[in-house]
């Protein structure tokens, strides 16, 4: 099931691979039984080869860098799985898709981050290469920058935001601060913001209509009065409607205005239903869909519109007043969060949400302490209107916790014996409450809020980019869902949200001309710094390579000279060795002769001494 090219690639035999591709004209994209290409097999197993020669040869002859096997794995998946950082970096530089997902739902970027984290810097280098500092314009003498968005778009068309969304999902949101990513988000937001503006206007109309309908039709009973229906007595309801509401007399005379308001709310609510159903495709599951606070608020708004209606029996009821009290709060809260989706307001809404979460945590932790004081106060002040029961008492304790101290509780016992008898305990526990709750807990909450706000200010830019990426991703997935073709939606509306219609796009901006308005000045300056540093690195690397090339002839000449003189050097060294041996032999002979001479002298002295003794 495998061709010779598969076997050669698996064994890392570069010569065989080159021979099969050049002479044999073998197709480098032929799959085996597991739908694996030769490029898959070149990275399928851990090995010690780090020069990637075989893989580079396959890529040079047209191997598909993003081909998937039977399990949906690309060569980049396999290289990262086998912890081959050099191969991973080479594949990324050859335009491998880091957003590719295998059958298990694992992206190539996620695998790289877990297995070869050292290769993450290659993605930043790839983005750096997208910014090119062009030569000065001859007419204006002004430098220009070219920002190429092809690496972001080429594998994610038409869901253009998928590259940045993958960075966000895999925990690499710091890369969103790169000038290329920031520029892309800015251009994408300009394309897609009309949808958010239209949605904000739509929601604002719904908020105004519901507020007006609730205040006039339900809160003041004007709709029932106009139909001669009373909830208490007709005179009281009529007085409440006409004398205590704005334009009450006009509403009573023209009840169709309230009916028109509700039908307009119905149209707006049905539009929300259609939008919410279309947005389901942007989520992986229903659980994730209903975890979104925005979705919960939108669906709650739709439910409230139907609950406060008069169409069921031709009148309104008291229970609808309870519903509309919560409903109006929900729609305004929803509109508040909707404004937070705009970049200008996003940071402030994030600050509020962060403080809100911390407060809920504190309330959950200290609720036992608050409940303890609540029960104590209910015992100590049984006749007080502030503590008639545990529920009202808990609300009172919350108000007292933020500084609304009511000293009348301990200074004016109303001269009742049972309260007067508990005055000592009441004063002592009240003092403990002021110390432990009002002072300590309140300052703790303020300190945590200030700390969170300072942290959010430091990361405000990243938070804004993160929210923009999430929102644009939801809109893109909803607009280009498969079932959207069956729903009436003008093609012009969908395709007008795209930056490019073919997956390739680049912009050219003047560095010091900020009046063109294509990109903000801070993004242009950041891109210029990246391009300048990248160009400087390229120059240094080129000069280093040229230095190697210029030194090559000298090295070759020195090698030739040394090779020619090598034989002579060997002969000279041999003669020198012989001379040293001879000199050593001569020195040894000299020492031997000297020792013999000393021995002869001793013999002669001893002979002379013997002759003298015999003579006497």
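Residue numbers (the UniProt record's numbering): 1 to 616.
All residues carry an ideal CB built from backbone N, CA and C; glycine is no exception.
Residue(s) in a DSSP beta bridge with residue i
i	result
residue 145	133, 509
residue 617	Outside the shown range of the chain, which is 1 to 616, sits residue 617, and nothing can be said about it.
residue 107	101
C-beta atoms of residue i and residue j nearer than 8 Å
i	j	result
residue 445	residue 331	no
residue 380	residue 426	yes
residue 345	residue 437	no
residue 530	residue 179	yes
residue 343	residue 189	yes
residue 272	residue 302	yes
residue 161	residue 435	no
residue 355	residue 460	no
residue 38	residue 5	yes
residue 3	residue 55	no
residue 261	residue 198	no
residue 154	residue 503	yes
residue 441	residue 366	yes
residue 166	residue 99	yes
residue 471	residue 497	no
residue 327	residue 210	yes
residue 93	residue 126	yes
residue 41	residue 63	no
residue 314	residue 220	no
residue 113	residue 171	yes
residue 43	residue 84	yes
residue 183	residue 147	yes
residue 334	residue 297	yes
Residue i - containing alpha helix (DSSP H), residue span
i	result
residue 15	14-22
residue 305	293-307
residue 321	318-339
residue 210	179-213
residue 424	423-433
residue 162	162-169
residue 224	222-226
residue 496	Unbroken run through residue 496: none, as it is neither H nor E.
residue 278	256-278
residue 70	Neither: residue 70 is in no alpha helix (DSSP H) and is coded neither H nor E.
residue 437	Note, residue 437: premise wrong, no alpha helix (DSSP H); not H, not E.
residue 310	Careful: residue 310 lies outside any alpha helix (DSSP H) and carries neither H nor E.
residue 173	First-last for residue 173: undefined, no H or E at that position.
residue 372	343-380
residue 89	85-93
residue 391	390-401
residue 118	Note, residue 118: premise wrong, no alpha helix (DSSP H); not H, not E.
Whole-angstrom distance between residue j and residue i, CA atom to CA atom
i	j	result
residue 495	residue 518	20 Å
residue 27	residue 111	29 Å
residue 510	residue 143	6 Å
residue 320	residue 218	8 Å
residue 65	residue 295	39 Å
residue 14	residue 73	23 Å
residue 130	residue 506	9 Å
residue 77	residue 117	13 Å
residue 317	residue 430	43 Å
residue 463	residue 69	37 Å
residue 324	residue 75	58 Å
residue 409	residue 456	41 Å
residue 329	residue 307	15 Å
residue 377	residue 270	49 Å
residue 476	residue 159	6 Å
residue 536	residue 175	22 Å
residue 572	residue 580	The predicted model places residue 572 with a pLDDT of 48, which falls under 50 and marks its position as unreliable, so this point remains unresolved.
residue 396	residue 387	7 Å
residue 336	residue 473	21 Å
residue 283	residue 293	14 Å
residue 35	residue 67	9 Å
residue 255	residue 311	13 Å
residue 439	residue 101	54 Å
residue 447	residue 404	19 Å
residue 30	residue 525	47 Å
residue 88	residue 192	34 Å
Chain D contact for residue i (CB, 8 Å cutoff)
i	result
residue 537	You won't find chain D in this structure, because it holds only one protein chain.
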